[in-house]
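Asker:
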Amino acid sequence: MAGVQEEQQVQQTHAGNGAAASATGDIPVENPATGAIVATVPDLGAEAVAEMATRGRAAQAGWEAAGFDSRGRILLRAQKWLIDNTERVVETIVSETGKTYEDAQFAEVAYAINAFGFWAKSAPKYLADERVKSSQLLVKGKKLVLRHRPLGLIGVIGPWNYPLTNSFGDCIPALAAGNAVILKPSEVTPLTSLLMAEALKECGIPENVFQVATGRGETGAALIENVDMVMFTGSTKTGRKVAEEAAKRLIPCSLELGGKDPMIVLSDAELERAANLAVYYSMQNAGQTCISIERAYVEAPVYDEFVNKVTEKVKALRVGVPSGPGSVDVGAITFPPQMETITEHVADATSKGARVLTGGHAKSGVPGRFFEPTVIVDVNHSMKVMKEETFGPTLPIMKVADAEEAVQLANESPYGLGASVFTRDAEKGERIARQIRAGSANVNDALINYTALELPMGGAKASGLGSRHGSGGIRKYCEQQAIVITNRLAMKREIHMFPYRAKTTRMLQRFFKLMYGRGRRD
Ligand code: NDP
C-alpha cells in the first residue's frame with residue numbers, strides 16, 4: 087500500500103474521531119520487512135483520551151437501546167465489508183507487521199470474518215435474560231431473573247503481533263453486548279485498527295460508539311483511567327501494571343498475556359504429522375504468536391527421527407519480504423526489540439552447551455528485520471530459550487525419558503497458555519493434556535482451539551486472567567443484575583417480618599429441621 091494513501095487515510099479517520107487536535111505528537115509507523123515509514127499517527131495524550139471517553143459514553147446509551155438485532159446487522163455488514171475488502175485489509179496488516187500474506191489472511195482476516203458472524207449470532211443467546219428457580223422458601227412464587235447489562239465504556243488495549251485478531255477482535259463482542267469501545271492499538275501497528283474504524287463507520291455504526299486512541303503506553307494508561315472495564319492483551323509485565331491500575335479504580339479487567347507453550351511428542355506419535363505441526367506452529371507468523379509452540383519435549387526412542395524431520399523442513403522455509411500470496415513462508419520480526427530478545431535467547435542457549443542445527447542468526451543482507459528459522463537441540467531448563475517467552479521463529483527440542491518427565495517439564499514454567507500432546511493413543515493423549523496446567527491443550531494438534539469461538543481461550547498462571555470467546559468472552563463486558571419480581575397477589579406482610587413472635591420463630595425452626603435435618607450425620 088502506498089504510504090501517501092495510507093497517511094491520508096489515517097488523518098481522515100482521526101478527524102472523524104475528533105481527537106487529532108489534542109495529539110501530543112506523531113508516531114511513525116514502519117514496515118518491518120522493508121524499513122520504510124508507511125504512515126504516521128497521532129500520539130494522543132490523557133486529555134484527548136478523556137474527551138474520547140466523554141463522547142463514547144454519550145453514544146453508548148443509544149447503541150445499547152438499539153438492541154441485538156440492530157447491532158447484529160451492523161456486525162454482519164462489517165463481515166461482508168471484510169470479505170469485499172480483504173485485499174486492502176491484508177495489505178494494511180502486512181505493511182505494518184511485515185508478516186506474510188497468508189499469516190494476515192488466515193490468522194487475521196479469516197478470524198475477524200468468522201468473529202463478526204459468531205458474535206452477531208451468539209450475543210443474544212449468551213446475554214439473554216435467564217429465569218432462575220430457587221429452593222429458598224422466602225422467594226417462592228416470585229419471578230427471579232438474571233440479567234446481563236453492558237458495562238458502558240470498554241477500553242481494549244492490544245499488542246502488535248495480531249493487530250486485527252488480538253486488538254480489534256476483542257472489540258467485537260464488547261460492541262455486540264451494547265458497549266461503546268475505545269481501542270488502543272500498539273504504537274507499532276495502529277493502521278489496521280484505524281482501517282476497521284473506517285469500516286465500521288461505512289457499515290453504519292453510530293458516531294463515537296467505536297473509537298481508536300493511537301499512542302504509546304501512556305495512552306493505554308490514560309485509557310484505564312477513563313473506562314468501565316479493560317480488556318488487555320500483551321506481555322505479562324505490562325499486564326501486571328494494567329491489573330494494578332484497574333484495581334485502584336475497582337474496575338474489572340481481563341488479561342490475555344504471554345506464554346511458553348510446550349509440545350510433547352510420545353514415541354507412538356504419527357511423526358510426520360508431529361514434525362509438520364511443530365514446524366508450522368513454531369514458525370507461523372515468525373513465531374510471534376502467544377500460543378506458538380515455544381519448546382518441544384520428545385521421548386527418547388523417536389527423538390533423532392523427529393529432530394531430523396523438523397530440521398529438514400525448517401531448512402526449506404523461505405524467509406523474506408512478503409510480496410503477495412505464496413511469496414514467502416516466514417515474514418519479518420515486527421517489534422524492533424524482539425530481535426535482541428531472540429538473539430539473546432539463542433546466544434544464552436549456545437553458551438550453555440546447546441547446538442543450533444539450522445538458523446540461529448538475524449538474516450543479513452536485507453533491509454528489514456528477519457530472523458532465520460532456528461532449530462536448537464541439547465537444551466535444558468537452565469536456558470532462557472526453554473523458560474522465557476522467545477517470541478521468534480525458534481524451536482528448541484529436548485529429549486525426555488518418558489511422558490511423566492515431559493509433563494513435569496511442561497509444567498515447570500510460570501506460564502500456562504497452551505500446550506499440545508502427540509500420540510496415536512488419543513485417550514492417553516487426553517489424560518496427559520489434562521495433567522498440563524494450561525488454558526488450552528490440543529491432542530495431535532496445536533493452536534487450533536483458538537479458531538473454535540465457542541470454546542474459552544485464556545491463560546492459567548502468569549498467562550492471564552479471564553478468557554475470550556465462549557459465553558465468558560462476552561459476559562465479561564457486562565455486569566450481572568439479579569431482578570426479583572413479587573406480584574400483586576403477595577401477602578401484605580411476609581412471615582419473617584416484624585413484629586417477631588416466639589410462635590412464628592418456633593414454627594420456622596421446625597420447618598428448617600424438617601427440610602434439612604433429616605438423614606445421617608457422618
Ligand atoms: P506489551 O505488553 O508491551 O504491550 C501491549 C499493549 O499495552 C500495547 O498497546 C502497549 O502500548 C500497551 N501499554 C504499554 N504500557 C502500558 C501501560 N502502562 N498501561 C496500559 N497500556 C500499556 O505487549 P506487546 O505489544 O509486546 O505484545 C506481545 C505480548 O503479547 C507477548 O507477550 C504475547 O505473548 C502477548 N500476547 C498474548 C495473547 C493472548 O491471547 N494471551 C495474544 C497476543 C499476544 P505500546 O505498544 O504503544 O507501548
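Per our numbering, the sequence shown runs over residues 87 to 608. From the three backbone atoms N, C-alpha and C, an ideal C-beta is built for every residue, glycine too.
So for residue 553, helix, strand or coil by DSSP?
Answerer: Three-state DSSP puts residue 553 in a strand.
Asker: Over what stretch of residues does the alpha helix (DSSP H) that includes residue 559 continue unbroken?
Answerer: 558 to 561
Asker: Taking DSSP's pairing of strands, which residues face residue 339 in a bridge?
Answerer: Note: residue 339 sits in a beta bridge opposite 316.
Asker: Cutting at 6 Å between CB atoms, please list the residues of its own chain near residue 278, excluding the five before and the five after it.
Answerer: Correct list, in chain order: 178, 179, 249, 250.
Asker: Shorter than 7 Å, the distance from the beta carbon of residue 473 to the closest heavy atom of the ligand NDP, or not?
Answerer: no
Asker: If you draw a straight line from the C-alpha of residue 575 to the C-alpha of residue 224, how long is it?
Answerer: The straight-line gap from Cα to Cα measures roughly 15 Å.
Asker: Looking at residue 339 and the ligand NDP, is the gap between the Cβ and the nearest heavy atom below 7 Å?
Answerer: For residue 339, the distance from the CB to the nearest heavy atom of the ligand NDP is not below 7 Å.
Asker: With a threshold of 8 Å, are at least 3 pairs of Cβ atoms found where one atom belongs to the region 368 to 384 and the other to the region 441 to 449?
Answerer: The way I'd put it, the region 368 to 384 doesn't touch the region 441 to 449; fewer than three beta-carbon pairs between them come closer than 8 Å.
Asker: Any heavy atom of the ligand NDP inside 7 Å of the beta-carbon of residue 149?
Answerer: no
Asker: Relative to the C-alpha of residue 433, which candidate in 138, 455, 468 has its C-alpha closest?
Answerer: 468
Asker: State the DSSP-derived secondary structure class of residue 347, mapped to helix, strand or coil.
Answerer: strand
Asker: Please find out if some non-hydrogen atom of the ligand NDP comes closer than 7 Å to the beta-carbon of residue 388.
Answerer: no
Asker: Can you tell me where the alpha helix (DSSP H) with residue 261 in it begins and where it stops?
Answerer: Per DSSP, the continuous alpha helix (DSSP H) segment holding residue 261 begins and ends at 257 to 262.
Asker: Please tell me whether, using a cut-off of 7 Å, the distance from the CB of residue 420 to the nearest non-hydrogen atom of the ligand NDP is below it.
Answerer: no
Asker: Secondary structure at residue 501, three-state DSSP: helix, strand or coil?
Answerer: strand
Asker: Taking DSSP's pairing of strands, which residues face residue 609 in a bridge?
Answerer: No statement about residue 609 is possible, as the shown extent of the chain runs from 87 to 608 and does not include it.
Asker: Closest by CA to residue 221, which one among 607, 605, 598?
Answerer: 598
Asker: If you run the structure through DSSP and keep just helix, strand and coil, what is residue 588?
Answerer: helix
Asker: How far does the alpha helix (DSSP H) with residue 166 in it reach, from first residue to last?
Answerer: 132 to 170
Asker: Return the chain-ordered list of same chain residues with a C-beta closer than 6 Å to the C-beta of residue 342, the five sequence neighbours on each side being excluded.
Answerer: 319, 550
Asker: Residue 504 and residue 533 - do their beta-carbons sit closer together than 8 Å?
Answerer: yes
Asker: Return helix, strand or coil for residue 568, following the three-state DSSP convention.
Answerer: strand
Asker: So which of 447, 182, 171 has the shortest CA-CA distance to residue 114?
Answerer: For residue 114, the nearest C-alpha among the options comes from 182.
Asker: Could you check whether the Cβ of residue 343 sits closer than 7 Å to any heavy atom belonging to the ligand NDP?
Answerer: yes
Asker: Following a CB-centred definition, is residue 250 positioned closer than 7 Å to any heavy atom of the ligand HEM?
Answerer: Only the ligand NDP can be found as ligands here, which leaves the ligand HEM out of the picture.
Asker: Flag residue 569 as yes when its Cβ comes closer than 7 Å to any non-hydrogen atom of the ligand NDP, and as no otherwise.
Answerer: no
Asker: To which residues of the same chain is residue 601 closer than 6 Å at the C-beta, ignoring the five residues directly before and after it?
Answerer: Closer than 6 Å at Cβ, skipping near neighbours: no residue.
Asker: Apart from the five residues just before and just after residue 471, which ones in its own chain have a Cβ nearer than 8 Å to its Cβ?
Answerer: 381, 431, 432, 434, 435, 440, 462, 465, 480, 482
Asker: When you compare each of 525, 261, 288 to residue 317 by their alpha carbons, which one comes out closest?
Answerer: 261
Asker: Label residue 107 either buried or exposed according to how many other C-beta atoms from any shown protein chain fall within 10 Å of its C-beta, with 16 as the threshold for buried.
Answerer: Reliability of the predicted coordinates at residue 107 is poor, the pLDDT of 45 falling under 50, and the value obtained from them is presented with this limitation in mind. Counting Cβ neighbours within 10 Å, residue 107 comes out exposed, since fewer than 16 surround it.
Asker: Just to confirm, is the Cβ distance from residue 265 to residue 243 under 8 Å?
Answerer: no
Asker: Just to confirm the assignment: which complete beta strand (DSSP E) runs, minimum length 3, are found wholly within the region 361 to 385?
Answerer: Assignment of beta strand (DSSP E) within the region 361 to 385, counting only whole runs of 3 or more residues, yields 379 to 385 in chain order.
Asker: In this structure, does DSSP put residue 404 in helix, strand or coil?
Answerer: coil
Asker: With residue 480 as the anchor, note down where its beta strand (DSSP E) starts and where it stops.
Answerer: 480 to 486
Asker: Using a 10 Å radius around the Cβ and a threshold of 16 neighbouring Cβ atoms, would you call residue 314 buried or exposed?
Answerer: buried
Asker: Between the C-alpha atoms of residue 137 and residue 195, what's the straight-line distance to the nearest angstrom?
Answerer: 31 Å
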